[in-house]
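Here's the structure we're looking at; comments come further down.
Number of protein chains: 2
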Amino acid sequence: MESHYVLSLVFRQARRQDVPAIVAMLADDHLGAAREGDPNDERYLAAFDRIDANPHDELIVAERDGKVVGTMQLTYLAGLSRLGAERCQIEAVRVAASTRGQGLGREMITWAIDRARARGCAMVQLTSDKSRTGAHRFYDSLGFTASHEGYKLILG
Amino acid sequence: MESHYVLSLVFRQARRQDVPAIVAMLADDHLGAAREGDPNDERYLAAFDRIDANPHDELIVAERDGKVVGTMQLTYLAGLSRLGAERCQIEAVRVAASTRGQGLGREMITWAIDRARARGCAMVQLTSDKSRTGAHRFYDSLGFTASHEGYKLILG
Chain W
105 MESHYVLSLV
115 FRQARRQDVP
125 AIVAMLADDH
135 LGAAREGDPN
145 DERYLAAFDR
155 IDANPHDELI
165 VAERDGKVVG
175 TMQLTYLAGL
185 SRLGAERCQI
195 EAVRVAASTR
205 GQGLGREMIT
215 WAIDRARARG
225 CAMVQLTSDK
235 SRTGAHRFYD
245 SLGFTASHEG
255 YKLILG
Chain B
105 MESHYVLSLV
115 FRQARRQDVP
125 AIVAMLADDH
135 LGAAREGDPN
145 DERYLAAFDR
155 IDANPHDELI
165 VAERDGKVVG
175 TMQLTYLAGL
185 SRLGAERCQI
195 EAVRVAASTR
205 GQGLGREMIT
215 WAIDRARARG
225 CAMVQLTSDK
235 SRTGAHRFYD
245 SLGFTASHEG
255 YKLILG
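As you go down the protein sequences, you meet chains W and B in turn.
Note that my numbering has the first sequence beginning at 105, numbered continuously upward.
Note that my numbering has the second sequence beginning at 105, numbered continuously upward.
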């Protein structure tokens with residue numbers, strides 16, 4: 105008799121107690137390491153509460169066998185452009201180091217695209233640091249077009 | 105005796121009756137012309153109402169001598185990254201054709217940066233179509249860094 109090891113993968117809204125695990129993923133990255141702090145810093149919880157209270161904002165986690173292994177934030181942006189089309193913006197996509205290379209990122213972004221389409225969004229948009237060349241191939245393969253320059257201005 | 109022609113320039117929240125003028129500016133553009141419709145289409149008004157009802161979203165117009173001559177949308181994005189920093193995202197920046205080349209765009213973006221700083225935002229971000237090379241020089245000159253690829257996926 106064969107054994108079947110079926111791993112459960114769930115995408116769900118993040119809860120307050122997920123915040124330290126999410127912050128740890130944000131920090132576990134060549135760009136994130138320099139800019140994140142203590143995962144228990146109360147400023148992270150305050151930001152979580154603001155996202156959680158906003159009906160146009162969703163902080164999502166991927167949970168596998170009870171463990172948070174991925175995260176992304178979806179924001180639904182209203183705008184007049186394109187006949188008042190709503191857009192879904194994806195930010196802060198991370199997969200836990202222990203889980204990379206297993207296709208989880210693809211499942212996450214595909215899930216986000218499906219969710220945006222079901223909601224009636226006309227577009228999904230995101231930006232990716234120019235140093236993340238692996239991520240660029242990944243987004244290209246999912247049908248995204250790198251049609252825009254992404255500008256940032258850090259306020260001192 | 106000299107005559108002084110002092111033109112009044114005001115930045116303010118857009119009102120519902122500004123929507124046709126804003127849409128006309130969105131459409132008066134080599135990219136916008138193909139994707140906008142009748143400025144009186146009710147879908148534009150529905151999108152305006154959604155922006156207007158969202159405390160994290162501001163549709164701004166520049167008004168000179170009672171005439172709307174510029175527009176931009178500011179969205180204040182919560183996020184866990186960077187110790188829970190808030191970001192200001194600028195979208196849909198347009199200056200009326202009759203007013204281009206007079207520095208209004210610079211006044212608008214400078215005003216947006218000041219507004220984001222006063223609110224405590226850690227970053228201002230925007231994307232600009234890669235074909236808008238003039239806009240890129242403009243954002244570079246304002247201190248923005250084109251550090252990111254801007255990806256879009258149009259949903260069919």
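By construction, the Cβ of each residue, glycine as well, lies at the ideal position given by its N, Cα and C atoms.
Keep in mind that this is a model prediction, so the values were computed, not measured.
In this structure the segment 197-207 of chain W lies against the segment 158-174 of chain W, because at least three pairs of beta carbons, one per stretch, are closer than 8 Å. Assignment of alanine 196(W) by DSSP, reduced to helix, strand and coil, places it in the strand class. The C-beta separation of tyrosine 243(W) from serine 232(W) comes to about 6 Å, placing the pair in contact by the 8 Å criterion. Taking all protein chains shown into account, arginine 191(B) has 16 or more neighbouring C-beta atoms within 10 Å of its C-beta and is therefore buried.
Contact annotation: the segment 149-163 of chain W touches the segment 116-124 of chain W, with at least three C-beta pairs closer than 8 Å. Closest option to arginine 204(B), judged by alpha-carbon separation, among Thr249(B), Gly224(B), Arg168(B), Ala220(B): Arg168(B). Histidine 134(B) is outside the set of residues whose beta carbon lies under 8 Å from a beta carbon in chain W.
At least one CB atom of chain B sits nearer than 8 Å to the CB of threonine 231(W).
Between isoleucine 258(W) and methionine 227(B), the C-beta gap is smaller than 8 Å, which places the two residues in contact. When the five nearest sequence neighbours on each side are left out, the beta carbons in the same chain lying within less than 8 Å of the beta carbon of alanine 216(W) are those of Ile164, Met176, Leu178, Cys192, Ile194, Val228, in order along the chain. Shown here, histidine 240(B) sits in a helix according to DSSP, grouped into three states. Along the segment 146-168 of chain W, going in chain order, the ones with a CB nearer than 7 Å to a CB of chain B are Arg147, Tyr148, Ala150, Ala151, Phe152, Arg154, Ile155, Asn158, His160, Asp161.
Here alanine 138(B) is exposed, its C-beta having fewer than 16 other C-beta atoms within 10 Å. Residues are counted here when their Cβ sits less than 7 Å from a Cβ of chain W; for the segment 166-189 of chain B these are Gln177, Thr179, Leu181, Ala182, Gly183, Leu184, Ser185, Arg186, Leu187, Gly188, given in chain order. Not one beta carbon of chain W lies nearer than 8 Å to the beta carbon of arginine 120(B). Nearest to leucine 135(W) by alpha-carbon distance, out of Ser245(W), Ala166(W), Lys234(W), is Lys234(W). For glutamate 211(B), the three-state secondary structure derived from DSSP is helix.
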